[in-house]
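Chemist:
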Amino acid sequence: MICDEQLPPHLPATTQTMKASLAGKTVLITGATGGIGAATSRELIGRGANVVVTDIGLEQVVDLGTELGERALPIVVDVTDRSSIYQAVAQAVAHFGKVDIVFANAGIANDPPLTVAGLTDEMYEKVIDVDLNGV
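Add 62 to the 1-based position in the sequence shown for our numbering, that's all there is to it.
(1) Is the CB-CB distance between THR88 and VAL123 below 9 Å?
(2) Report buried or exposed for GLY159, applying the criterion of at least 16 other Cβ atoms within 10 angstroms of its Cβ.
(3) Under DSSP, the beta strand (DSSP E) around THR128 begins and ends at which residues?
(4) Less than 9 Å between the beta carbons of GLY119 and THR95, yes or no?
(5) Once you ignore the five residues that flank VAL138 on each side, which residues in its own chain have a CB closer than 6 Å to its CB?
(6) Beta-carbon separation of VAL141 and THR182 under 9 Å?
(7) Between VAL192 and ALA168, which are expected to be in contact by the criterion C-beta below 8 Å, what is the C-beta distance as a whole number of angstroms?
(8) Please confirm whether LEU84 and VAL164 have their CB atoms less than 9 Å apart.
(9) Going by the DSSP bridge assignment, what does ASN112 pair with across the sheet?
(10) Do LEU135 and GLN153 come within 9 Å of each other at the CB atom, strictly closer than that value?
(11) Quick check on the DSSP output: the beta strand (DSSP E) that includes ILE163 runs from which residue to which?
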């Protein structure tokens with residue numbers, strides 16, 4: 063993602079950060095309804111991009127898509143299922159004409175964080191499927 067960073071103190075005061083326009087670009091974001099995904103979606107909309115917001119939860123995807131407006135396309139996607147991913151890309155292309163950028167943001171986070179000792183084999187495989195193999 064293109065982001066504004068805090069300028070290091072050694073740079074002159076005249077140095078400015080650049081906010082790139084993404085007008086006309088289409089970005090597909092996995093895990094779009096979580097903290098980073100939702101914030102990124104809002105930022106991209108603010109920079110003029112079309113945003114395909116994808117996640118596994120229908121209600122959350124629809125809510126975020128509604129919040130973002132007409133340049134957002136909400137789609138339920140399971141990143142561990144290739145056919146689900148292919149269908150989402152096809153829907154995005156049908157709706158916006160193209161996909162320029164994919165932000166593979168989907169991931170499993172637990173609160174409190176899991177330890178290796180606390181993981182079952184099934185939980186470990188799910189984390190690997192979503193966090194590493196997804197998209």
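All C-beta atoms, glycine included, are put in the ideal place defined by N, C-alpha and C.
Modeler: With the given structure in hand:
(1) Here the question's residue 88 lines up with position 26 in the sequence shown. Here the question's residue 123 lines up with position 61 in the sequence shown. In this structure, VAL123 does not lie closer than 9 Å to THR88 by Cβ.
(2) For the purposes of this step, residue 159 is taken as the residue at position 97 of the sequence shown. Looking at its Cβ environment, which holds fewer than 16 other Cβ atoms inside 10 Å, GLY159 is exposed.
(3) Within the sequence shown, the letter at position 66 stands for residue 128. Where THR128 is concerned, there is no enclosing beta strand (DSSP E), although the alpha helix (DSSP H) it sits in stretches over 120-130.
(4) Here the question's residue 119 lines up with position 57 in the sequence shown. Here the question's residue 95 lines up with position 33 in the sequence shown. Contact flag set, yes.
(5) Position 76 of the sequence shown, counting from 1, holds the residue named residue 138. Taken in chain order, the residues that qualify are LEU120, VAL123.
(6) In the sequence shown, residue 141 corresponds to position 79, counting from 1. In the sequence shown, residue 182 corresponds to position 120, counting from 1. In this structure, THR182 does not lie closer than 9 Å to VAL141 by Cβ.
(7) Within the sequence shown, the letter at position 130 stands for residue 192. Within the sequence shown, the letter at position 106 stands for residue 168. Right, the Cβ-Cβ distance comes to about 6 Å (below 8 Å), so this counts as a contact.
(8) To locate residue 84, count along the sequence shown from 1; it is residue 22. To locate residue 164, count along the sequence shown from 1; it is residue 102. At a Cβ-Cβ threshold of 9 Å, LEU84 and VAL164 do not count as neighbours.
(9) On the sequence shown, residue 112 is found 50 positions in, with the first residue counted as 1. The partner list for ASN112 (beta bridge, DSSP) reads THR88.
(10) Translated into the one-based positions of the sequence shown, residue 153 becomes position 91. Translated into the one-based positions of the sequence shown, residue 135 becomes position 73. Going by beta carbons, GLN153 and LEU135 fall inside the 9 Å limit.
(11) Indexing the sequence shown from 1 puts residue 163 at position 101. Unbroken beta strand (DSSP E) run through ILE163: 163-166.
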